[in-house]
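All you need for the numbering used here is the position in the sequence shown, starting with 1, plus 7. Note that CB positions come from ideal geometry on N, CA and C, so glycine has one too. Since the structure comes first, as structure tokens, the remarks are kept for the end.
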Amino acid sequence: MYKGLKVSLVLPCLNEESGIRASLEKVPAFVDETIVVDGGSKDRTAQIAQGMGAKVIVERRRGYGLAHKVGFQAAQGDLVVAADGDSTYPFETAGEIIDYIREKNLDFVSASRFPLRHQESMRFRNFFGNVVITLLIVILYRQKITDGLSGMWVFKKSVLPKMKLLSDNWNFSEEIKIEAMTNPDIRFGEYPIVYAERLGETKLLPWKVGLENICFLFYKRFLT
């Protein structure tokens, strides 16, 4: 519990044996529950997470967005911290972000990785793709944002019913921020973090996912 608020951490994982231990070692003591949604890993991700005290939900249906939705539904906290389980995101800053939420009276905060403190933490193709997606979000939705594809968010669980979250896939990352930014009943902000180099191999195919993300932005803007 953090200053009277119950906190849930949700981590979607798929074959993150290399990074899950380092990720969980960074979880602050005030986090009331850690939920790892395992998408059918073939390695020891689930066993390691369970051994470190996390609640593991095995979700055989694949999908980055779907895993988040399953974790959010299971979360019991007043606040939800969501992030990837590859040790790239600084869970230890969750308290700072919660303080920022309270100070600024916000509902949803996305952790911004930019400007990058360590250039080696992100490959150029990923950096370029993020710039393109972020710029498109700014243009299409007329919103101010610096990191359209950040995978770490801290928000009040009470805002979830106000969002129309369609994607079960990688597009979920951009979609949840778009929903938070464009909903007049949700107060959105960003908070700068230090992004670290990934542990383990990525499951993401950058060019394929990048093209899907671009198509999804136009679909959500004009066809939903």
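Three-state secondary structure (DSSP) of residue i
{"i": "Ser34", "result": "For clarity, residue 34 is Val in the given sequence; the question names Ser instead. In this structure, Val34 counts as coil in the three-state DSSP scheme."}
{"i": "Ser180", "result": "helix"}
{"i": "Tyr232", "result": "Because the chain here runs from 8 to 231, residue 232 falls outside it and cannot be looked at."}
{"i": "Ile152", "result": "coil"}
{"i": "Tyr71", "result": "helix"}
{"i": "Leu167", "result": "helix"}
{"i": "Ala118", "result": "strand"}
{"i": "Thr141", "result": "helix"}
{"i": "Ala29", "result": "helix"}
{"i": "Lys147", "result": "Lys is not the amino acid found at residue 147; the sequence shown has Leu there. The answer is helix: DSSP assigns Leu147 an H, G or I state."}
CB of residue i within 9 Å of CB of residue j, strictly
{"i": "Ile108", "j": "Lys163", "result": "yes"}
{"i": "Ala61", "j": "Leu123", "result": "no"}
{"i": "Leu173", "j": "Ile221", "result": "no"}
{"i": "Asp114", "j": "Leu12", "result": "no"}
{"i": "Asp106", "j": "Glu23", "result": "no"}
{"i": "Asp154", "j": "Phe179", "result": "no"}
{"i": "Phe223", "j": "Glu186", "result": "no"}
{"i": "Ala89", "j": "Gly136", "result": "no"}
{"i": "Ser119", "j": "Glu204", "result": "no"}
{"i": "Ile27", "j": "Ile55", "result": "yes"}
{"i": "Asp39", "j": "Val14", "result": "yes"}
{"i": "Val87", "j": "Val161", "result": "yes"}
{"i": "Val166", "j": "Ile193", "result": "yes"}
{"i": "Asn232", "j": "Leu73", "result": "Summary: the structure shown does not reach residue 232, with the chain confined to residues 8 through 231, and so no result is reported for it."}
{"i": "Pro213", "j": "Arg132", "result": "yes"}
{"i": "Gly217", "j": "Val139", "result": "yes"}
Endpoints, the beta strand (DSSP E) within which residue i is located
{"i": "Asp271", "result": "Missing from the structure shown is residue 271; the chain here goes from 8 to 231 and no further."}
{"i": "Ile193", "result": "Careful: Ile193 lies outside any beta strand (DSSP E) and carries neither H nor E."}
Residue interval of the alpha helix (DSSP H) (run including residue i)
{"i": "Ile42", "result": "From DSSP, Ile42 is part of no alpha helix (DSSP H) but of the beta strand (DSSP E) over Glu40 to Asp45."}
{"i": "Thr52", "result": "Thr52 to Gly58"}
{"i": "Glu219", "result": "Pro213 to Leu230"}
One or two residues paired with residue i in a DSSP bridge
{"i": "Cys20", "result": "Asp45"}
{"i": "Tyr9", "result": "Leu12"}
{"i": "Ala89", "result": "Val17 and Trp160"}
{"i": "Val63", "result": "Val43"}
**Study point:** Three CB pairs or more closer than 8 Å across the stretch 92-99 and the stretch 63-73
**Key:** no
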